[in-house]
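Participant:
In full-length UniProt numbering, the protein residues as written are 1 to 378.
Listed below in structure tokens is the structure:
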């Protein structure tokens, strides 16, 4: 069932995305909330007790992104997700329920890249509508995935960014932060439409309902001054203000300066994402900034397009059945660093040729790599 957190409107039709009374995105209502980490699962599916039950748990290794300490504040590096965006969390939940055979999308930045990547990995057909002025490098991404391309041919996309199932995936950032940090003073979230900060609030609210948090952290939405998100009339922002969420405007030049500083630590963020960095730096006190990287720095291709190292790693993993990056590295011929092996293994996971799972032993988290029946993790 879907429910509006403001007026209580509810409906069973998952095709209705917004409350007809309030205009808020509807949320999945699950009754009682049970916080339990599934230690035999990896990524966002570790929190399956707080997610709607899926037909099949599809994953490309999204989630459990690192938290980096920056002195007096922290960064949650969502650019480490398979397509370079937190949107992979939402796509994983949505696709695990829908399991589409085919979808139609308009080229829409990180969102359409994420959905295209996941649907292509489960063998679905993807039609992407390209705009007349879209960049050729973005078109290349879809072409390498094997998507069907056309010019301005999709009027209504098969899935939208604010779909309730997508929001369920985005909210896992909150749950994950609690697992990683336990004590969260504040979370700073970049704001455009408001869906992400709404999802973060939703996740925190469920942790409160589950009784694992006694009080909510301070949530701040970071907006670029002069952007559409700093105006009036956004029902999400208006609602969240009544729930204690604060919004702060960032000078675009300050955000651009932060973009440049982030590149020095190999984090590639767009100005809107870097706005969260600016606010978290101002707040200090171990506030966490949610940073999504630019997906332009990652490369994806069809399953058959692999390097010689990746092909060797595939054979090693298949021969071992299940192994850590270190165990694989010990068997690799030629000169390659452990870090290089780890990156190549994660690339194979993103391609769907390997799968990974995390084994939690106390405070230790050990990642194992293995091949499935068809090389993909679902």
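Ideal Cβ placement from N, Cα and C applies to all residues, glycine included.
Could you tell me the distance, in whole angstroms, from the CA atom of residue 129 to the CA atom of residue 155?
Facilitator: Using only the alpha carbons, I get a separation of about 9 Å.
Participant: In whole angstroms, what separates the C-alpha of residue 85 from that of residue 313?
Facilitator: Looking at the two C-alpha atoms, the distance is approximately 26 Å.
Participant: Excluding the 5 residues preceding and the 5 following residue 200 in the sequence, name in chain order all residues of the same chain whose CB lies nearer than 8 Å to its CB.
Facilitator: Excluding residues within five positions, the ones whose Cβ falls inside 8 Å are 170, 171, 173, 174, 187, 189, 219 and 290.
Participant: Per DSSP, what kind of secondary structure is residue 25 in: helix, strand or coil?
Facilitator: If DSSP states are grouped into helix, strand and coil, residue 25 belongs with the strands.
Participant: From residue 18 to residue 308, what distance separates their C-alpha atoms?
Facilitator: When rounded, the distance between both Cα atoms is 48 Å.
Participant: Can you tell me the Cβ-Cβ gap for residue 73 and residue 221, rounded? I've got them flagged as a contact below 8 Å.
Facilitator: Contact doesn't hold; Cβ gap of about 16 Å is too wide.
Participant: So the candidates are 268, 83 and 282; which of them puts its Cα closest to the Cα of residue 350?
Facilitator: For residue 350, the nearest C-alpha among the options comes from 83.
Participant: Am I right that residue 223 and residue 249 are in contact with their C-beta atoms under 8 Å? What's the rounded C-beta distance?
Facilitator: Contact holds; Cβ gap of about 5 Å.
Participant: Quick check on residue 43: buried or exposed, where buried means 16 or more other Cβ atoms within 10 Å of its Cβ?
Facilitator: So residue 43 ends up on the buried side.
Participant: Have a look at the DSSP bridge pairing and note the partners of residue 154.
Facilitator: None; residue 154 has no bridge partner.
Participant: Answer yes if the stretch 95-102 comes into contact with the stretch 51-67, meaning at least three C-beta pairs across the two stretches below 8 Å, and no otherwise.
Facilitator: These segments touch.
Participant: Please classify residue 382: is it buried, with 16 or more other beta-carbons within 10 angstroms of its beta-carbon, or exposed?
Facilitator: Lying outside 1 to 378, the shown extent of the chain, residue 382 is not represented and no answer is given.
Participant: Alpha carbon to alpha carbon, how far is residue 315 from residue 337?
Facilitator: Answer to the nearest angstrom: the Cα atoms are 18 Å apart.
Participant: Can you tell which of 92, 102, 123 and 127 has the C-alpha that lies nearest to the C-alpha of residue 108?
Facilitator: Closest by alpha carbon: 127.
Participant: Can you tell me where the alpha helix (DSSP H) with residue 141 in it begins and where it stops?
Facilitator: From DSSP, the alpha helix (DSSP H) with residue 141 extends over 136-145.
Participant: Does DSSP put residue 209 in a helix, a strand or coil?
Facilitator: DSSP places residue 209 in helix when its eight states are reduced to three.
Participant: Mind pulling the beta strand (DSSP E) runs of 3 or more residues that sit fully within the stretch 185-267?
Facilitator: Runs found: 186-190, 218-224 and 246-250.
Participant: Give the straight-line distance between the Cα atoms of residue 45 and residue 6, rounded to the nearest whole angstrom.
Facilitator: Near 28 Å, if we compare the C-alpha coordinates of residue 6 and residue 45.
Participant: Give me the DSSP bridge partner(s) of residue 148.
Facilitator: Answer is 127.
Participant: Would the beta-carbon of residue 52 fall within 8 Å of that of residue 21?
Facilitator: No, these two residues do not count as a Cβ contact at 8 Å.
Participant: Looking at the structure shown, is residue 175 part of a helix, part of a strand, or coil, going by DSSP?
Facilitator: Three-state result, residue 175: helix.
Participant: When the Cα of residue 70 is compared with those of 115, 265, 151 and 357, which residue comes out closest?
Facilitator: The shortest C-alpha separation from residue 70 is found at 265.
Participant: Is it true that the CB of residue 197 sits closer than 8 Å to the CB of residue 225?
Facilitator: Taking 8 Å as the Cβ cut-off, residue 225 and residue 197 do not qualify as a contacting pair.
Participant: When the Cα atoms are used, what is the spatial distance from residue 279 to residue 91?
Facilitator: Whole-angstrom Cα-Cα distance: 28 Å.
Participant: Going by C-alpha distance, which of 47, 63, 216 and 259 is nearest residue 243?
Facilitator: Answer by Cα proximity: 216.
Participant: Under 7 Å Cβ to Cβ from residue 207, same chain only, skipping five residues before and after it: list those, please.
Facilitator: Once the five neighbours on either side are set aside, the close Cβ partners of residue 207 are 35, 174, 175, 178 and 213.
Participant: What is the residue span of the alpha helix (DSSP H) that residue 309 lies within?
Facilitator: Counting along the chain, the alpha helix (DSSP H) containing residue 309 begins and ends at 308-320.
Participant: Measure the C-alpha to C-alpha separation of residue 297 and residue 110 and round it to an integer number of angstroms.
Facilitator: With a pLDDT of 38 at residue 297, under the threshold of 50, the modelled position of this residue cannot be trusted; read the value that follows with caution. Using only the alpha carbons, I get a separation of about 12 Å.
Participant: Closer than 6 Å by C-beta to residue 329: which residues in its own chain qualify, once you throw out the five before and the five after it? Chain order, please.
Facilitator: If we look at residue 329 and ignore the five residues flanking it on each side, its Cβ neighbours are 338 and 341.
Participant: With residue 68 as the anchor, note down where its alpha helix (DSSP H) starts and where it stops.
Facilitator: No alpha helix (DSSP H) holds residue 68; the beta strand (DSSP E) holding it covers 67-69.
Participant: Residues in its own chain within less than 7 Å of residue 116 by CB, not counting five upstream and five downstream?
Facilitator: These residues qualify, in order along the chain: 105, 126, 128, 142, 145 and 147.
Participant: Would you kindly work out how many angstroms separate the C-alpha atoms of residue 238 and residue 163, rounded to a whole number?
Facilitator: Cα to Cα, residue 238 sits roughly 20 Å from residue 163.
Participant: Just list the residues that DSSP pairs residue 289 with in beta bridges.
Facilitator: DSSP lists 75 and 188 as partners of residue 289.
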